[in-house]
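S.K.: Below is one structure. I have some questions about it.
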Amino acid sequence: MRRLPEWLRRSLPVGSTYETHETLREFRVHTVCESALCPNRAECFSAWTATFMILGDVCTRRCGFCAISVGRPNRVEEDEPLRVAQAAQKLGLHHVVVTSVARDDLHDEGASVFYETILAIRDLIPEATVEILTPDFHARRELIEFICDAQPNVFNHNLETVERLSPHVRPQARYHRSLDVLRQIKDYDAEIATKSGLMLGLGETLEEVKTALLDLRSVGVDIITIGQYLKSKEGKFEVEAFIHPDVFTDLEEEGKRMGFSEVYCGPYVRSSYHAGEAYAKYQALGT
């Protein structure tokens, strides 16, 4: 494993993560923070925040960058949407982020559970905003529009990487299918903020990254996150390059010039990192 450069070394947050862990255990909810071994989980947990992961913790797709378990998925639990809402309420969340594993085994690929979870959060915490980060649902229009009908404030679907690397990095996904998902959201309900993310350090070129950003802008994406790929113990791919913070700064400026409302770039930026802050800034623009 390559030695981390100085800009990727950081100390652990001072706050306790105990209360967040206890709340998650109390309501028996999964988080992508733990399942995907997110490097920011201690920071987020110590600040009483987490990204909930519905539909179990076993995925039907095998993306080489991801640490989430792959195999026979868990059965769908009917009370999961309520438990997620209760956990979010106890944590005092004002912006609730919900993601999931891919569930290609289900007839609706889990769309109904996203729908019910959004409604449960709205019912229990009416003042909260809701952000979802979903799989591609094979770009099935009826599923995407069904979820949009629940009125999430932010609908996120990650492109993850550049077109050339996509078949290697996400063998069960498709670059242009992901773009189609994001296009369909905006076509159906332009009031929903759309969001997507890229990770760098897998062997992409800067020009390929800029092309991917232009592709995302062409389908109306509002908010972009760009971070450094870091190999976990379970990760398949080695880090090809550690991207200097100056490059992230340049990409943030480039993204703003392209017309994105919000661009969050940095080595430790992830899809849900400071998601509430990003959405608040988006709202403040009156977009």
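Taking the numbering used here, the leading residue of the sequence shown gets 406, the next gets one more, and so forth.
Glycine included, every Cβ here is placed at the ideal spot set by N, Cα and C.
Can you check the stretch 627–691 for any beta strand (DSSP E) of at least 3 residues that lies completely inside it and give the ranges in chain order?
M.R.: Whole beta strand (DSSP E) segments, 3+ residues: 628–633, 667–670.
S.K.: Is Asp541 closer than 8 Å to Ser583 when the C-beta atoms are compared?
M.R.: In contact: Ser583 and Asp541 (Cβ atoms closer than 8 Å).
S.K.: Give every residue of the same chain whose Cβ lies closer than 6 Å to the Cβ of Val419, excluding the five residues on either side of it in the sequence, and list them in chain order.
M.R.: With a pLDDT of 49 at Val419, under the threshold of 50, the modelled position of this residue cannot be trusted; read the value that follows with caution. Cβ within range, chain order: n/a, list empty.
S.K.: With His499 as the anchor, note down where its alpha helix (DSSP H) starts and where it stops.
M.R.: Unbroken run through His499: none, as it is neither H nor E.
S.K.: I need the straight-line Cα distance from Val668 to Phe432, nearest angstrom please.
M.R.: Roughly 33 Å separates the two Cα atoms.
S.K.: For His543 and Trp412, what's the separation of their Cα atoms in angstroms?
M.R.: Cα to Cα, His543 sits roughly 38 Å from Trp412.
S.K.: Between the Cα of Pro650 and those of Glu532, Gln633, Asp528, spot the shortest distance and give me the residue it belongs to.
M.R.: Answer by Cα proximity: Gln633.
S.K.: Taking the alpha carbon of Val559 as the reference point, which residue from Glu482, Glu568, Gly625, Leu511 has its own alpha carbon closest?
M.R.: When each option's Cα is compared against that of Val559, the closest is Gly625.
S.K.: Locate the alpha helix (DSSP H) running through Ala598, then write down its first and last residues.
M.R.: Not the alpha helix (DSSP H): Ala598 falls in the beta strand (DSSP E), residues 598–605.
S.K.: Please tell me whether Ser676 and Leu587 are closer than 8 Å, where the distance is taken between their beta carbons.
M.R.: No, these two residues do not count as a Cβ contact at 8 Å.
S.K.: Looking only at its chain, what residues have a beta carbon closer than 7 Å to the beta carbon of Arg414, apart from the 5 residues adjacent to it on each side?
M.R.: Same-chain partners within the cutoff: there are none.
S.K.: Is Ser571 buried or exposed, if buried means 16 or more other CB atoms sit within 10 Å of its CB?
M.R.: Ser571 is buried by the Cβ-count criterion.
S.K.: Considering only C-alpha positions, which residue in the set Pro672, Asp462, Ile648, Glu424 is nearest to Asn479?
M.R.: The shortest C-alpha separation from Asn479 is found at Asp462.
S.K.: First and last residue of the alpha helix (DSSP H) that includes Phe519?
M.R.: Run containing Phe519: 516–529, per the alpha helix (DSSP H) assignment.
S.K.: Return helix, strand or coil for Arg546, following the three-state DSSP convention.
M.R.: Here Arg546 sits in helix by DSSP.
S.K.: Using a Cβ-Cβ cutoff of less than 8 Å, which residues in the same chain neighbour Asp528 once the five nearest sequence positions on both sides are dropped?
M.R.: Ala490, listed in sequence order.
S.K.: Which residue wins for smallest C-alpha separation from Gln494, given the options Glu550, Cys464, Ala683, Thr534?
M.R.: Checked all of Glu550, Cys464, Ala683, Thr534; the closest Cα to Gln494 is Thr534.
S.K.: Looking at C-beta atoms only, is the number of pairs between the stretch 590–598 and the stretch 610–621 that lie closer than 8 Å three or more?
M.R.: Result no; under three Cβ-Cβ pairs closer than 8 Å.
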